[in-house]
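**Q** So that we are looking at the same thing, I have put the structure below in structure tokens.
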Amino acid sequence: MTKTLLSIGHGYSARELAQSLGPGWRVIGTSRSPEGAETLRQTGIEARVWPGEDIGPDLAAATHLLTSVPPGASGDPVLATLGETLREARHLRWVGYLSTTGVYGDHGGGWVDETTPLTPATSRGAARVAAEAGWAKLGLPLHIFRLAGIYGPGRSPLDRVREGRAQRIVKDGQVFSRIHVADIAQVLAASMTAPDPGAIYNLADDEPAPPEDVIAFAAEMLGLPVPPAIPFEEADLSPMARSFYAESKRVRNDRIKTDLGIHLRHPDYRAGLAALLETERAATMG
């Protein structure tokens, strides 16, 4: 029996998931622009332009629903537009919402897990808390995935170092958790195979680390100069980039291992960056 995934806001993580799904899956993905939709079609996705096209028939056909759309200033646009239709979508076997570990706020480098109270330190984090609650009220088989900093092919410290965009910013006590996009995909696929409505999962690797250490490791791997250390107070950062440094925490990932049987393919940033570089070099040689 064909299973149908409707992926609203079919972005970086969702594309990785779609590529990892086996035979027997129909994947419908939305993009905000005709150009984006055409790019999706070239990867074998049934693409829709949304907002714009009527995706009601796609929702009716879906067995699984994933939303990757972040909330805006006025809230979650998917809930605002499709909320009433979604409330009636009782045929769905699994619904996934991609959230962020930003919902936990700042913990001064301390550990958080899925039971930690939500105390967001930024307006973006607060909007995510509200969106999570809005999705939970629909009464659907909801699964919330709180993602740490995402990296992977074309979107990693290796790319920033090569392009000369990497800054090695040092703020005392600052640590971030991160997750390779391939591990996001395997967690989502495992959850879709074994739904547990109401479940919340942190998606992070095993080693939270200071961002300057990750940049230095990437530069050393590439044989390029390690960017000089810049004190946070002197760094030239956009308001959004600066806001990320308002939070420092270590994210526990035990639940994806115990409940979903996940073995991380990239358990820390060293393994993840090494795998990316090896793949790049193999492609160049090939």
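If you count the sequence shown from 1, position 128 lands on 128 in UniProt numbering, and the numbers rise without skipping.
C-beta atoms are modelled at their ideal positions from N, C-alpha and C, and glycine is treated no differently.
The structure presented is a predicted model; accordingly, all values stated were derived computationally and were not measured.
Find out if the Cβ-Cβ distance for the pair residue 147, residue 276 is shorter than 7 Å.
**A** Reading the sequence shown from its first residue, position 147 is the one you call residue 147. Reading the sequence shown from its first residue, position 276 is the one you call residue 276. Contact: no.
**Q** By the 10 Å Cβ neighbour count, where 16 or more other Cβ atoms means buried, how is residue 128 classified, buried or exposed?
**A** In the sequence shown, counting from the first residue as 1, residue 128 sits at position 128. Looking at its Cβ environment, which holds 16 or more other Cβ atoms inside 10 Å, residue 128 is buried.
**Q** With distances taken Cα to Cα, identify the nearest neighbour of residue 58 among 89, 32 and 69.
**A** Residue mapping note: residue 58 aligns to position 58 of the sequence shown, counting from 1. With distances taken between Cα atoms, residue 58 lies closest to 89.
**Q** Assuming residue 288 and residue 109 form a contact by the criterion Cβ under 8 Å, report the distance between their Cβ atoms to the nearest whole angstrom.
**A** In this structure the chain extends from 1 to 286, so residue 288 is not present and cannot be described.
**Q** Using 10 angstroms around the beta-carbon of residue 320, count the other beta-carbons present and answer buried if the total reaches 16, otherwise exposed.
**A** The structure shown has nothing for residue 320, since the chain only spans 1 to 286.
**Q** One question on the structure: do residue 231 and residue 175 come within less than 7 Å of each other, judged by their Cβ atoms?
**A** The count along the sequence shown starts at 1 and reaches residue 231 at position 231. The count along the sequence shown starts at 1 and reaches residue 175 at position 175. No, these two residues do not count as a Cβ contact at 7 Å.
**Q** As an exercise, report each continuous beta strand (DSSP E) stretch of at least 3 residues that is fully enclosed by the region 56-86, in chain order.
**A** You should have 64-67.
**Q** At which residues does the alpha helix (DSSP H) containing residue 129 begin and terminate?
**A** Your numbering for residue 129 matches position 129 in the sequence shown. Where residue 129 is concerned, the enclosing alpha helix (DSSP H) stretches over 123-136.
**Q** Can the beta-carbon of residue 48 be found less than 7 Å from the beta-carbon of residue 30?
**A** Taking the first residue of the sequence shown as position 1, residue 48 is located at position 48. Taking the first residue of the sequence shown as position 1, residue 30 is located at position 30. Result yes, Cβ atoms of residue 48 and residue 30 sit closer than 7 Å.
**Q** Would you tell me roughly how many angstroms separate the C-alpha atoms of residue 177 and residue 204, rounded to the nearest one?
**A** The residue labelled residue 177 in the question sits at position 177 within the sequence shown. The residue labelled residue 204 in the question sits at position 204 within the sequence shown. So the two alpha carbons sit approximately 6 Å from each other.
**Q** Confirm, please, whether the CB-CB distance from residue 138 to residue 87 is below 7 Å.
**A** Reading the sequence shown from its first residue, position 87 is the one you call residue 87. Reading the sequence shown from its first residue, position 138 is the one you call residue 138. Yes, these two residues count as a Cβ contact at 7 Å.
**Q** Report yes or no: do the region 190-210 and the region 262-278 share at least 3 C-beta pairs separated by less than 8 Å?
**A** Judged by Cβ distances under 8 Å, the region 190-210 makes contact with the region 262-278, as three or more pairs qualify.
**Q** Following the continuous alpha helix (DSSP H) through residue 214, name the residue where it begins and the one where it ends.
**A** Translated into the one-based positions of the sequence shown, residue 214 becomes position 214. Run containing residue 214: 211-222, per the alpha helix (DSSP H) assignment.
**Q** Ordered along the chain, which non-local residues of its own chain (more than five positions away) have a Cβ less than 8 Å from that of residue 92?
**A** In the sequence shown, the residue the question calls residue 92 occupies position 92. Excluding positions up to five away in sequence, the list reads 62, 63, 64, 65, 140 and 141.
**Q** Touch check for the region 129-136 and the region 177-191: three-plus C-beta pairs under 8 Å?
**A** Verdict: no, contact absent.
**Q** Which residue's Cα is closest to the Cα of residue 251: 273, 193 and 114?
**A** As a working mapping, residue 251 is identified with position 251 in the sequence shown. Cα-wise, what sits closest to residue 251 is 114.
**Q** How should residue 282 be labelled, buried or exposed, when 16 other C-beta atoms within 10 angstroms of its C-beta is the threshold for buried?
**A** Along the sequence shown, read from residue 1 onward, the residue named residue 282 stands at position 282. Flag for residue 282 reads exposed.
**Q** Sort out for me which residues DSSP pairs residue 100 with in a bridge.
**A** Along the sequence shown, read from residue 1 onward, the residue named residue 100 stands at position 100. In DSSP, residue 100 forms a bridge with 147.
**Q** Quick one: what's got a C-beta closer than 6 Å to residue 211's C-beta in the same chain, skipping five residues either side?
**A** Residue numbering aside, residue 211 sits at position 211 when the sequence shown is read from its first letter. Cβ neighbours of residue 211 beyond the five flanking positions: 176.
**Q** Report the start-end ranges of each beta strand (DSSP E) in the region 196-277 that is 3 residues or longer and not cut off at the edges.
**A** 200-203 and 229-231, all fully within the region 196-277.
**Q** Secondary structure at residue 193, three-state DSSP: helix, strand or coil?
**A** Taking the first residue of the sequence shown as position 1, residue 193 is located at position 193. Helix at residue 193.
**Q** Residue 96 and residue 180: beta carbons closer than 7 Å?
**A** Locating residue 96 in the sequence shown gives position 96, counting from the first residue. Locating residue 180 in the sequence shown gives position 180, counting from the first residue. Not a contact, by the Cβ cut-off of 7 Å.
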